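The structure under discussion appears below in the form of structure tokens.
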Amino acid sequence: LCGAVCRLNSRDFEMASRLRLGLPQRSELRAPDGCCYLCRLPLEADGSHALVCKHAGKAPRHDAMKSIWREMVTAAGLLSVLEPVGLLNGQRRPDIYVEDHLAREHLVMDIAVIHPSARSYVAEAAHVSGAAAAWKEANKTASYAPSLRGTDLQLVPLIHESYGRLGDKAAKFFNRLTERAFPIEDVEERRCFRRRWMQRLSLALQRHNAMTIGGFLRKSCNFAARAGYPLLLEAAVVRVHHQRNMAVDAE
140 LCGAVCRLNS RDFEMASRLR LGLPQRSELR APDGCCYLCR LPLEADGSHA
190 LVCKHAGKAP RHDAMKSIWR EMVTAAGLLS VLEPVGLLNG QRRPDIYVED
240 HLAREHLVMD IAVIHPSARS YVAEAAHVSG AAAAWKEANK TASYAPSLRG
290 TDLQLVPLIH ESYGRLGDKA AKFFNRLTER AFPIEDVEER RCFRRRWMQR
340 LSLALQRHNA MTIGGFLRKS CNFAARAGYP LLLEAAVVRV HHQRNMAVDA
390 E
């Protein structure tokens, strides 16, 4: 792998490393009552509230993961359509439609990235590996059931945990794509395919986690400034650090 898609700048690497190691982020703006300025919920102790706050702006991360999955499907030789309209009952629109001509299956994909340390997941996720992804898979399956009724479509929820783990169904689909891409005797080609696309998914996830956290800090700073709250010195330092990194990236 090479090129910009396989690199993390210093800011993204630091934020991703802190998240992966369970360390608090460099700073997080909090209101005087200890809550998030934007959603008014209590902040997580590890500074990862940006990954669960509904005001954090996580759409770019979702779109990035969707694009990579679609590219991987194409690389495996399967037909796909991005966000097809009118495929399901009602107004629901999946992220990707895939036609597996060998298995004679028609699949719809719905992608989600969830944070296992969120209050709704952490109690079980702390004791059972992959519990958060399993819960989200079940939730997606139940919510799609009415839209799939009477069709020959099958749902494949592609769930990512923010630390990097794939949900079981996403992992199985990833393995299916590897098998479709190369015959069983091409062991080395299969290994390269798996490594290449897993690296793409992993790096994109961590890069966009960092972008989400950085964007959340800037948004919180702006909100606090407009509301007349005094900015914490450490939060201002993070904003300057982020702006410096952006200037370095631009160079």
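Just so you know, we're using the working numbering here: the sequence shown kicks off at 140 and counts up by one. All residues carry an ideal CB built from backbone N, CA and C; glycine is no exception. Predicted, not measured: the structure shown is a model, and the values here were computed from it.
Span separating the alpha-carbon of residue i from that of residue j
{"i": "Ser149", "j": "Leu190", "result": "20 Å"}
{"i": "Thr290", "j": "Glu328", "result": "36 Å"}
{"i": "Ala170", "j": "Leu342", "result": "32 Å"}
{"i": "Gly354", "j": "Asn361", "result": "11 Å"}
{"i": "Gly229", "j": "Val220", "result": "18 Å"}
{"i": "His188", "j": "Ile352", "result": "8 Å"}
{"i": "Arg232", "j": "Ala155", "result": "31 Å"}
{"i": "Ser359", "j": "Arg258", "result": "21 Å"}
{"i": "Glu183", "j": "Gln164", "result": "11 Å"}
{"i": "Val212", "j": "Ser206", "result": "10 Å"}
{"i": "Gly124", "j": "Arg179", "result": "Because the chain here runs from 140 to 390, residue 124 falls outside it and cannot be looked at."}
{"i": "Phe332", "j": "Ala309", "result": "16 Å"}
{"i": "Arg365", "j": "Tyr176", "result": "11 Å"}
{"i": "Ala270", "j": "Asp307", "result": "10 Å"}
{"i": "Lys193", "j": "Phe152", "result": "24 Å"}
{"i": "His185", "j": "Phe313", "result": "Checking the displayed sequence, the identity of residue 185 turns out to be Asp instead of His. Their backbone Cα atoms lie some 31 Å apart in a straight line."}
{"i": "Lys197", "j": "Asp239", "result": "30 Å"}
{"i": "Arg159", "j": "Leu287", "result": "36 Å"}
{"i": "Ala363", "j": "Arg243", "result": "55 Å"}
{"i": "Gly367", "j": "Pro181", "result": "20 Å"}
{"i": "Tyr283", "j": "Arg346", "result": "29 Å"}
{"i": "Tyr260", "j": "His245", "result": "31 Å"}
Among the options, the one whose alpha carbon lies nearest that of residue i
{"i": "Glu210", "options": "Arg346, Phe355, Trp336", "result": "Trp336"}
{"i": "Ser256", "options": "Gly161, Lys308, Cys331, Gly354", "result": "Gly161"}
{"i": "Leu316", "options": "Arg330, Gly173, Arg357", "result": "Arg330"}
{"i": "Leu241", "options": "Leu217, Asp151, Ser156, Gly367", "result": "Leu217"}
{"i": "Ala281", "options": "Cys192, Arg304, Leu294, Lys193", "result": "Leu294"}
{"i": "Pro285", "options": "Val237, Arg339, Glu238, Leu226", "result": "Leu226"}
{"i": "Glu222", "options": "Ala215, Thr213, Ala310, Tyr236", "result": "Tyr236"}
{"i": "Arg357", "options": "Arg157, Arg146, Ala195", "result": "Ala195"}
{"i": "Cys145", "options": "Gly303, Arg304, Gln338, Ala271", "result": "Gln338"}
{"i": "Val224", "options": "Arg365, Ala270, Val247", "result": "Val247"}
{"i": "Asp234", "options": "Ser268, Trp208, Arg243", "result": "Trp208"}
{"i": "Leu344", "options": "Glu318, Ala214, Tyr260, Arg304", "result": "Arg304"}
{"i": "Arg319", "options": "Leu147, Pro181, Ala214, Arg157", "result": "Ala214"}
For residue i, the first and last residue of its enclosing alpha helix (DSSP H)
{"i": "Ser156", "result": "149-160"}
{"i": "Leu80", "result": "Lying outside 140 to 390, the shown extent of the chain, residue 80 is not represented and no answer is given."}
{"i": "Ala309", "result": "307-320"}
{"i": "Ile207", "result": "198-214"}
Segment limits, beta strand (DSSP E) that includes residue i
{"i": "Tyr236", "result": "235-239"}
{"i": "Leu218", "result": "218-221"}
inquiry  = When you compare the segment 313-327 with the segment 275-288, are there three or more beta-carbon pairs, one atom per stretch, that lie closer than 8 Å?
reply    = no
task = Indicate whether the contact test is met: 3 or more Cβ pairs, each with one atom in the segment 245-260 and one in the segment 296-316, closer than 8 Å.
result = yes
query = So does the segment 263-272 actually touch the segment 193-202, counting three or more Cβ pairs closer than 8 Å?
reply = With the cut-off at 8 Å, the segment 263-272 and the segment 193-202 do not touch.
query = At which residue ranges does the segment 251-311 contain complete alpha helix (DSSP H) runs of 4 or more residues, listed in the order of the chain?
reply = Within the segment 251-311, the complete alpha helix (DSSP H) runs of at least 4 residues are 261-264, 270-287.
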